[in-house]
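Data first, discussion second: the structure below is written as C-alpha coordinates.
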Amino acid sequence: MPHPASPPRPALIQALDAGMGPARILAVATQLGLFPHLAAGHTTAGALAHAAPARARGTRILLDALVGLGLLTKTPDVSLAVGVTP
(Lines of atoms letter the chains of each structure in order from A and count residues from 1; the text may use other names and numbers.)
(Lines give C-alpha, C1' and ligand atoms only; values in the text may rest on other atoms or scores of the structure.)
Protein backbone atom coordinates (compact mmCIF):
# COMPACT_ATOMS: atom_id res chain seq x y z
CA MET A 1 0.00 0.00 0.00
CA PRO A 2 1.50 3.40 -0.98
CA HIS A 3 2.35 5.89 1.73
CA PRO A 4 3.01 9.60 1.27
CA ALA A 5 6.64 10.56 1.67
CA SER A 6 5.58 13.35 4.01
CA PRO A 7 2.32 14.68 5.42
CA PRO A 8 0.21 16.71 2.97
CA ARG A 9 1.21 20.36 2.85
CA PRO A 10 -1.69 22.78 3.36
CA ALA A 11 -0.23 25.20 0.80
CA LEU A 12 -0.18 22.48 -1.86
CA ILE A 13 -3.76 21.48 -1.11
CA GLN A 14 -4.89 25.12 -1.28
CA ALA A 15 -3.04 25.67 -4.57
CA LEU A 16 -4.66 22.62 -6.13
CA ASP A 17 -8.09 23.71 -4.94
CA ALA A 18 -7.59 27.27 -6.16
CA GLY A 19 -6.67 25.94 -9.59
CA MET A 20 -10.18 24.56 -9.93
CA GLY A 21 -11.83 27.91 -9.16
CA PRO A 22 -11.90 29.33 -12.69
CA ALA A 23 -13.24 26.06 -14.08
CA ARG A 24 -15.99 26.01 -11.46
CA ILE A 25 -16.94 29.63 -12.19
CA LEU A 26 -17.11 28.98 -15.94
CA ALA A 27 -19.09 25.76 -15.39
CA VAL A 28 -21.75 27.55 -13.34
CA ALA A 29 -22.00 30.38 -15.87
CA THR A 30 -22.43 27.80 -18.62
CA GLN A 31 -25.02 25.81 -16.67
CA LEU A 32 -27.06 28.99 -16.14
CA GLY A 33 -26.73 29.94 -19.81
CA LEU A 34 -25.31 33.36 -18.96
CA PHE A 35 -23.42 33.81 -22.23
CA PRO A 36 -26.46 33.18 -24.49
CA HIS A 37 -28.50 35.48 -22.21
CA LEU A 38 -25.82 38.17 -22.63
CA ALA A 39 -25.94 37.69 -26.40
CA ALA A 40 -29.73 38.10 -26.23
CA GLY A 41 -29.28 41.54 -24.67
CA HIS A 42 -29.66 40.81 -20.96
CA THR A 43 -26.73 42.91 -19.77
CA THR A 44 -27.52 43.76 -16.15
CA ALA A 45 -27.24 41.45 -13.18
CA GLY A 46 -30.97 41.72 -12.55
CA ALA A 47 -31.91 40.91 -16.13
CA LEU A 48 -29.51 37.98 -16.24
CA ALA A 49 -30.80 36.64 -12.92
CA HIS A 50 -34.37 36.83 -14.20
CA ALA A 51 -33.49 35.18 -17.53
CA ALA A 52 -31.40 32.37 -16.00
CA PRO A 53 -33.48 32.04 -13.59
CA ALA A 54 -31.18 32.51 -10.63
CA ARG A 55 -30.99 34.58 -7.48
CA ALA A 56 -29.86 38.16 -8.00
CA ARG A 57 -27.17 38.14 -5.30
CA GLY A 58 -25.58 34.94 -6.62
CA THR A 59 -25.71 36.27 -10.16
CA ARG A 60 -23.90 39.47 -9.11
CA ILE A 61 -21.21 37.41 -7.37
CA LEU A 62 -20.82 35.15 -10.41
CA LEU A 63 -20.59 38.13 -12.76
CA ASP A 64 -17.93 39.73 -10.58
CA ALA A 65 -15.98 36.47 -10.72
CA LEU A 66 -16.27 36.39 -14.53
CA VAL A 67 -15.04 40.00 -14.65
CA GLY A 68 -12.12 38.97 -12.43
CA LEU A 69 -11.25 36.19 -14.88
CA GLY A 70 -11.28 38.68 -17.74
CA LEU A 71 -14.25 37.05 -19.50
CA LEU A 72 -16.60 39.99 -18.98
CA THR A 73 -16.21 43.72 -18.46
CA LYS A 74 -18.32 46.07 -16.37
CA THR A 75 -19.79 49.11 -18.04
CA PRO A 76 -18.87 52.19 -15.97
CA ASP A 77 -21.98 54.22 -16.80
CA VAL A 78 -24.58 51.60 -15.78
CA SER A 79 -24.48 49.89 -12.40
CA LEU A 80 -23.63 46.21 -12.78
CA ALA A 81 -23.96 46.19 -16.56
CA VAL A 82 -21.62 43.74 -18.24
CA GLY A 83 -20.35 42.86 -21.67
CA VAL A 84 -18.17 40.16 -23.14
CA THR A 85 -14.50 41.09 -23.10
CA PRO A 86 -13.27 41.67 -26.68
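Count the sequence shown with the numbering used here and you get residues 21 to 106, in order.
Ideal placement from N, C-alpha and C gives every residue a C-beta, glycine not left out.
Nothing here was measured: the structure is a model prediction, and the numbers come from that model.
Remark: C-beta atoms of leucine 54 and leucine 89 do not approach each other more closely than 9 Å. DSSP, read as helix, strand or coil, puts leucine 36 in helix.
In the DSSP annotation of this structure, the continuous segment of the alpha helix (DSSP H) that includes threonine 50 starts and ends at 41 to 52. Going by beta carbons, alanine 60 and threonine 79 fall outside the 9 Å limit.
In terms of CA proximity to alanine 71, Ala49 leads the group Arg44, Ala49, Ser26, Ala38.
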